[in-house]
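Number of protein chains: 2
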Amino acid sequence: MKGTISAYDVASKAGVSQSTVSRVLNNYPHIKESTKQKVLMAIKELGFTRDEIARSLASKKTRTIGLIVGDITNPFFAESAKVITGKAQEMEYDVILCNTNHKEENLYKYIQTLIGKRVDGIIITSADKDNQKIKELYDQGFPVVLYNSLMNHEKVNYIAVNNYKGAKLAVRHLYQLNHRLIGYIAGPSKYLTTHLRNLGFQDGLKELGIDVNKAFVYDKEFSYDEVYQFTKRLLKKPTRPTAFFATSDQMALAVLDAAASENINVPQELSVIGFDDIDMAKNQFIGLTTITQPKEKMATLVLEKLVSLIEENDELGSPIQIILEPELIQRRTTGVNSVQNGV
Amino acid sequence: MKGTISAYDVASKAGVSQSTVSRVLNNYPHIKESTKQKVLMAIKELGFTRDEIARSLASKKTRTIGLIVGDITNPFFAESAKVITGKAQEMEYDVILCNTNHKEENLYKYIQTLIGKRVDGIIITSADKDNQKIKELYDQGFPVVLYNSLMNHEKVNYIAVNNYKGAKLAVRHLYQLNHRLIGYIAGPSKYLTTHLRNLGFQDGLKELGIDVNKAFVYDKEFSYDEVYQFTKRLLKKPTRPTAFFATSDQMALAVLDAAASENINVPQELSVIGFDDIDMAKNQFIGLTTITQPKEKMATLVLEKLVSLIEENDELGSPIQIILEPELIQRRTTGVNSVQNGV
DNA sequence: CTGTTAGCGCTTTCAT
DNA sequence: ATGAAAGCGCTAACAG
């Protein structure tokens, strides 16, 4: 921009003091209507836009929050981001988007720069379960709330779904459909969320009297390509899973991709169930059976809770810890097992 | 945060002046090694994080850019956002994400707040073709570059694909597969990008001697649900399109959704081609034929161009206007027409 | 109801 | 090589 117009310029044009300009900008109650109009006129004529940076410095508030996601390309996060930014706009906050690609070093770096930029609060969607920095923030009373993320027995704020239960739901569904050889695409166990899903999977099988076949579980990093390759390899074996449970819909899509590449029909020859219920899952061309997370509700909640943390100073109340219920939604990708395989 | 630690605190702890602290923070060349170490120590011990807001106020730079998208839920934008934020992080910029839901009023509001927040530059991915505000920004020399977006004969910076040509490619592909009844999901003509696609579609048909059947084209707002309903209705008619061209992959998915709901097989009974080449299109379970946009390249370019606009003041050079070539990628959703329908 | 004044925490001359 | 001091454009007492 060129030599920007300041509130002083407005003031002198309107024949008032700069603080009066500030007052009308902030809707102070007791301003004479006529001077208010003079100021408003001057603002319009000069095309003045108030400098929020200076305002932030003086007021110690930025009306900006940070949103840290593991992968914005995962529709679950994109869909969540949409409602978060929408709600934020309503409440007059802006959001800085931080994409960590699931790298812990990026998480640290981003937290650091967000603190530097003096954001009013942070939403984290991929917090590894023992992250020291996040605990510190909480202890300092800095507004942070985890979204679809939890931490070990700590006092942190979070909103998530009952992941353990969700995973069990998935396992039981597959079992009822007569599947006994079940593949599993695990999430990184550094995240408590996916770790709980992993536990739910194992315990679920155990309760049904089935042993986990280690060869059937993928437990490396989140990577579409690697999951694709893993699945493909597995499907080629003489004894292969008749069903897959993937810890996210995104990964379930990778499984479907691999199945298609092997000309394996879903659900006739292979059942697949995901987790998240991304919009695409509803698409009848795909029809992914999945475990729902009430993402609209969750996303609205995080934003609201974060803002209340920022604006009221309830800081010392007990932590916000909300666990919502998951639900199974059966669509086309799961069906009764008809494959004779091993066993 | 609590009573934050300022550079003054660091200074007094290190026994130097605040400006020296500032110098080490900014890597000034001529500082005695010993004092540098003292300062660094003090910083570490105090856990000091420099206030970027104050820094911005003093330096008139925020190292923050705005990214305005029509819909972050559209994988094309999410995938673009990922590379943009990644590149931005490398170059030490942060990005404020603005999701307009394709509403022009939101675009205006967001531009306004971004200007207020004194961002160093803006990337816009959904600029309506006559937007006055954007022209103004350009005229003022404010760094803006449009991404996958263009404006009417104006001097604005943009990076996009040859949309007109891309659309023709799609039409010809369908024609070669012997389709004559072609449905079209148009994009809003307020965007020059989609408008050009619309023209390419029309001209493409014309050149092949085919009249556009108005009843076969959807030309309302971008809306998954409405496109779904429209397609569904159309597919029920005795004389229906044997193929659809959708102006975005996201909309192509809506068409596939509708086809599946009517139990119409793709591509045996209906061909579908999209535009964008989102990652999902490659998924062999879907295998969407589409027109590619080199999004990785485009996204890298916008960020780089924007930053060079910000950091060097080439402002007065000629506008950055880059048009890349689209490409057709055939996958599973298009095939030779075998349906006898009208004609 | 409005003006004056002192910061907010940095950067950036200008001295030394 | 480093310190002193003047802003950057606001907000927020404090007067009156």
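Chains as they are written, first to last, in my numbering: chain G, 12 to 354; chain P, 12 to 354. We put the CB at the ideal spot given by N, CA and C, even for glycine. These numbers were taken from a predicted model, which means no experiment stands behind them.
Helix or strand or just coil, what does DSSP make of residue i?
{"i": "ASN110 (chain G)", "result": "strand"}
{"i": "GLU338 (chain P)", "result": "strand"}
{"i": "ASP105 (chain G)", "result": "strand"}
{"i": "VAL266 (chain G)", "result": "helix"}
{"i": "SER349 (chain G)", "result": "coil"}
{"i": "ASP288 (chain G)", "result": "coil"}
{"i": "GLN240 (chain P)", "result": "helix"}
{"i": "LEU299 (chain P)", "result": "coil"}
{"i": "LYS13 (chain P)", "result": "Low local confidence applies: a pLDDT of 46 at LYS13 (chain P) is under 50, so the model's placement there is unreliable, with the coordinate-based value given in what follows. Coil, per DSSP."}
{"i": "PHE153 (chain P)", "result": "coil"}
{"i": "SER259 (chain P)", "result": "coil"}
{"i": "SER282 (chain P)", "result": "strand"}
{"i": "TYR235 (chain G)", "result": "helix"}
{"i": "GLY132 (chain P)", "result": "strand"}
{"i": "TYR195 (chain P)", "result": "strand"}
{"i": "TYR186 (chain P)", "result": "helix"}
{"i": "ALA138 (chain P)", "result": "coil"}
{"i": "ILE170 (chain P)", "result": "strand"}
{"i": "LEU78 (chain G)", "result": "strand"}
Taking its Cβ as the centre, do 16 or more other Cβ atoms sit within 10 Å of residue i, making it buried, or is it exposed?
{"i": "TYR202 (chain G)", "result": "buried"}
{"i": "SER259 (chain P)", "result": "buried"}
{"i": "SER67 (chain G)", "result": "buried"}
{"i": "LYS93 (chain G)", "result": "buried"}
{"i": "ASN159 (chain P)", "result": "buried"}
{"i": "PRO199 (chain P)", "result": "buried"}
{"i": "PRO40 (chain G)", "result": "exposed"}
{"i": "MET52 (chain G)", "result": "exposed"}
{"i": "ASN163 (chain P)", "result": "exposed"}
{"i": "ASP141 (chain G)", "result": "exposed"}
{"i": "ALA69 (chain P)", "result": "exposed"}
{"i": "GLY26 (chain P)", "result": "exposed"}
{"i": "GLY328 (chain P)", "result": "exposed"}
{"i": "ASP150 (chain G)", "result": "exposed"}
Confirm the yes/no value for this check: CB of residue i, any heavy atom of the ligand HEM, distance under 7 Å.
{"i": "THR301 (chain G)", "result": "Ligands are entirely absent from the displayed structure, and the ligand HEM is therefore not among its contents."}
Tell me which same chain residues have a C-beta within less than 6 Å of the C-beta of residue i, skipping the five on either side of it?
{"i": "ARG129 (chain G)", "result": "THR73"}
{"i": "HIS113 (chain P)", "result": "GLY81 and PHE233"}
{"i": "PRO252 (chain P)", "result": "LEU192, ILE193, GLY194 and PHE227"}
{"i": "ASN168 (chain P)", "result": "VAL156, PRO330 and ILE331"}
{"i": "LEU219 (chain P)", "result": "TYR186"}
{"i": "VAL347 (chain P)", "result": "LEU188 and ASN189"}
{"i": "LYS278 (chain G)", "result": "Per the sequence shown, residue 278 (chain G) should be read as Pro rather than Lys. So the list reads THR344, THR345 and GLY346, once near-sequence residues are dropped."}
{"i": "ALA178 (chain G)", "result": "ARG208, GLY211 and PHE212"}
{"i": "GLN29 (chain P)", "result": "ALA18, TYR19 and ALA22"}
How close, in whole Å, do the beta carbons of residue i and residue j come, if the pair is a contact with beta carbons under 8 Å?
{"i": "LEU317 (chain P)", "j": "VAL172 (chain P)", "result": "Between VAL172 (chain P) and LEU317 (chain P) the Cβ distance is about 18 Å, and since that is not below 8 Å, they are no contact."}
{"i": "ILE76 (chain G)", "j": "GLY127 (chain G)", "result": "Not really, about 14 Å apart at Cβ, beyond 8 Å."}
{"i": "ILE107 (chain P)", "j": "GLY58 (chain P)", "result": "About 27 Å separates the two Cβ atoms, so there is no contact after all."}
{"i": "CYS109 (chain G)", "j": "ILE145 (chain G)", "result": "Contact doesn't hold; Cβ gap of about 14 Å is too wide."}
{"i": "ALA269 (chain P)", "j": "THR242 (chain P)", "result": "4 Å"}
{"i": "PHE212 (chain G)", "j": "PHE256 (chain G)", "result": "6 Å"}
{"i": "ILE333 (chain P)", "j": "LEU320 (chain P)", "result": "Going by Cβ atoms, the distance from ILE333 (chain P) to LEU320 (chain P) rounds to 13 Å, so no, they are not a contact pair."}
{"i": "ALA310 (chain P)", "j": "ILE95 (chain P)", "result": "5 Å"}
{"i": "ALA292 (chain P)", "j": "ALA89 (chain G)", "result": "Wrong, their Cβ atoms sit about 16 Å apart, outside the cutoff."}
{"i": "ASP288 (chain P)", "j": "ILE340 (chain P)", "result": "6 Å"}
Who are the Cβ neighbours of residue i in its own chain at under 8 Å, not counting the five residues just before and after it?
{"i": "GLU323 (chain G)", "result": "none"}
{"i": "ILE42 (chain P)", "result": "THR31, ARG34 and VAL35"}
{"i": "ILE221 (chain P)", "result": "TYR186, ARG191 and ILE193"}
Quick one: what's got a C-beta closer than 7 Å to residue i's C-beta in the same chain, skipping five residues either side?
{"i": "TYR119 (chain P)", "result": "LYS144"}
{"i": "ALA138 (chain P)", "result": "ILE145, LEU157, SER160 and MET162"}
{"i": "GLU280 (chain P)", "result": "VAL350"}
{"i": "ILE196 (chain G)", "result": "TYR229, VAL238, PHE255, ALA257, THR258, MET262 and VAL266"}
{"i": "PRO337 (chain G)", "result": "VAL172, ASN173, LYS176, GLY177, LEU180, ILE302, THR303 and GLN304"}
{"i": "SER272 (chain P)", "result": "LYS243"}
Open item on the list: So if I threshold CB-CB distances at 7 Å, which residues from the region 34 to 56 of chain P count as touching chain G?
Closed with: none
Task: Residues within the region 283 to 310 of chain G neighbouring chain P, beta-carbon criterion of under 9 Å - done: ASP290, MET291, LYS293, ASN294, GLN295, PHE296, ILE297 and GLY298
Open item on the list: Any C-beta of chain G within less than 8 Å: which residues of the region 69 to 86 of chain P qualify?
Closed with: THR73, THR75, LEU78, ASP82, ILE83, THR84 and PRO86
Open item on the list: Counting only Cβ-Cβ distances shorter than 8 Å, please list the residues of the region 96 to 120 of chain P near chain G, keeping chain order.
Closed with: THR96, GLY97, GLN100, ASP105, VAL106, ILE107, LEU108, CYS109, ASN110, ASN112, ASN117 and LYS120
TODO: May I ask you to list, following chain order, the residues of the region 239 to 254 of chain P that have a beta carbon less than 7 Å from some beta carbon of chain G?
DONE: none
- [ ] Using a Cβ-Cβ cut-off of less than 8 Å, list which residues of the region 318 to 338 of chain P approach chain G; keep chain order.
- [x] none
- [ ] Please list the residues of the region 125 to 150 of chain P that have a C-beta atom closer than 7 Å to any C-beta atom in chain G, keeping them in chain order.
- [x] ILE126, GLY127, LYS128 and ARG129
TODO: Select from the region 205 to 239 of chain G all residues with a C-beta closer than 7 Å to any C-beta belonging to chain P, and list them in chain order.
DONE: none
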